[in-house]
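Here this note's numbering is used: the first residue of the sequence shown is 364, the next is one more, and so on. Everything below concerns the one structure shown next.
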Amino acid sequence: MKVTILGGGRVGRAIAADLARRGNFLVRVADLDRENLSRLEKAYGIETLAVDLSRQDGIREAVEGAEIVIDAVPGFLGFQTLKAVIEAEKDVVDIAFFPEDPFELDTLAKERGVTAVVDSGVAPGMSNLLVGHAAAGLDRIERVAIYVGGLPTEPVGPYGYRATFSPIDVIEEYTRPARIVKEGRIVERPALSELETLEFEGIGTLEAFLTDGLRTLLRTIPARSMVEKTLRYPGHAEKISLLKETGLFNEDPVEIGGVQVRPIDLTAALLFPIWEFKDGEEDMTAMRIVVEGTREGRPVRYTYELLDRFDREMGTSSMARTTGYTAAAVAAMLSEGLYIRPGISPLEAVAAEQGTVDFILSELHNRGIVYQERVEG
């Protein structure tokens, strides 16, 4: 099976390495960064293509001959890249996490006979799959709560934090209003609000606050209450809120010494070096999903938990593992013919197809990524 991965960054490299190790995929990685490509060539002998993926002709060149495409470009390129892949009539797994509505491409994908599985990472991604799986076992869905965070294994620096993905996307999480569901209605709340603390075995106390991560679940899961909250070490939200309230995330320029400066640009320039992982520092991913409802008139509660850590043997970050290996598992699922449905499919829709959840969970379990399930009621 020929697979092309668009994007050779940290997560793209993890996907490529995983698929290459399987032995039944011919893997090509397309990226403009020759350093990223060189790493893959040397480590795994993977075919690479240096190409500008911001150009439509570059995408067409990259996907030529592929049977499955994995879209791992930055979010700002994601929507146009997915559209171009669908127009090329290639089945696709997407982890670009672009801000646009993926369902805008549903008609196009159906017309071209393309199965497009979007948001195929950890969250969004596995959170969607498990919420969809639990929801299918309920007659009525009362509450969905998703708690997830990528963290350094110990609180470090003035913010107790290192960025496990793009720092500018982290700032976007902290500034974009969070869409949640209250009493069956979609409402907006400020990011960083509704702070609470939770206990996690193997970690201790973490704080959780609202961020805008529900995405397609807002449309597909008819819950009366639904939230997603980001996990951080205690005290982080208060410090970020102070920056936010001071105006340091504002995009409107202010004049400083006769020069127009956007506060967010200055803040980003100061924060990003602080948030970078230093040599020897490792990351982890924590997630808890709670789905409550009723079945045959009785209350039922599903709980899923994950604690994944940096892979020292492979030198792979936990965020790259939990995101990239999920995308690789979805690609393997498509190659096995377990899910064939032209159109746009988030993972909660994939969960409705028999055998898909067990397949993906088994693939991840074999790579040491284990989701613990508890059912009460």
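Backbone N, C-alpha and C fix where the C-beta goes; we use that ideal spot for every residue, glycine too. The model shown is predicted, which means the values in this text are computed figures rather than measured ones.
Check                                                                                                                      : Outcome
Cβ pair count under 8 Å reaching 3, the segment 378 to 393 against the segment 681 to 698                                  : yes
Closest residue to D469 among V481, P487, A425 and R525 (Cα-Cα distance)                                                   : V481
For E618, three-class secondary structure by DSSP                                                                          : strand
Neighbour-count burial assignment, E564, 16 or more Cβ in a 10 Å radius                                                    : exposed
Bounding residues of the alpha helix (DSSP H) (the contiguous stretch that carries D532)                                   : P530 to T538
Burial state of P465, where buried means 16 or more other Cβ atoms lie within 10 Å                                         : buried
Outcome for A377 when other beta-carbon atoms lying within 10 angstroms are tallied against a minimum of 16                : buried
Cβ-based burial, H728 [other Cβ within 10 Å; buried from 16]                                                               : exposed
CA nearest to the CA of P597, picked from G731, A715 and Y524                                                              : Y524
Beta-carbon proximity of E570 to L580, cut-off 9 Å                                                                         : no
Rounded Cβ spacing between A526 and L594 (contact assumed at less than 8 Å)                                                : 14 Å between Cβ atoms; not a contact.
Status (buried if at least 16 other CB within 10 Å, exposed otherwise) for V550                                            : exposed
G547 versus R506 - alpha carbon distance                                                                                   : 10 Å
Of the listed residues V455, I431 and E430, nearest to F442 (C-alpha basis)                                                : V455
Three-state secondary structure (DSSP) of S698                                                                             : helix
L727 - containing alpha helix (DSSP H), residue span                                                                       : T719 to H728
DSSP-derived helix/strand/coil call for D671                                                                               : strand
E467 versus P540 - alpha carbon distance                                                                                   : 22 Å
For S345, three-class secondary structure by DSSP                                                                          : No answer is possible for residue 345: it lies beyond the span of the chain, which begins at 364 and ends at 740.
Distance between beta carbons of V663 and L501, contact taken as under 8 Å                                                 : 6 Å
Under 9 Å between C-beta atoms of G408 and V392                                                                            : no
Close Cβ partners of K545 (< 7 Å) along its chain, the five nearest in sequence each way excluded                          : S588
Beta-carbon proximity of I437 to S529, cut-off 9 Å                                                                         : A quick correction: the sequence has Pro, not Ile, at residue 437. Yes, Cβ-Cβ distance for P437 and S529 is below 9 Å.
Chain-order list of residues whose beta-carbon lies under 8 Å from that of R423 (same chain, five-residue window excluded) : A447 and A451
E562 - containing beta strand (DSSP E), residue span                                                                       : E559 to F563
Runs of beta strand (DSSP E) lying entirely within the segment 608 to 666, each at least 3 residues, in chain order        : 617 to 619, 622 to 624 and 646 to 658
Beta-bridge partners of S708, as assigned by DSSP                                                                          : V480
Beta carbon of D394 nearer than 9 Å to that of L382                                                                        : no
Proximal residues to L445 (C-beta, below 6 Å), its chain only, five neighbours per side dropped                            : D434 and D457
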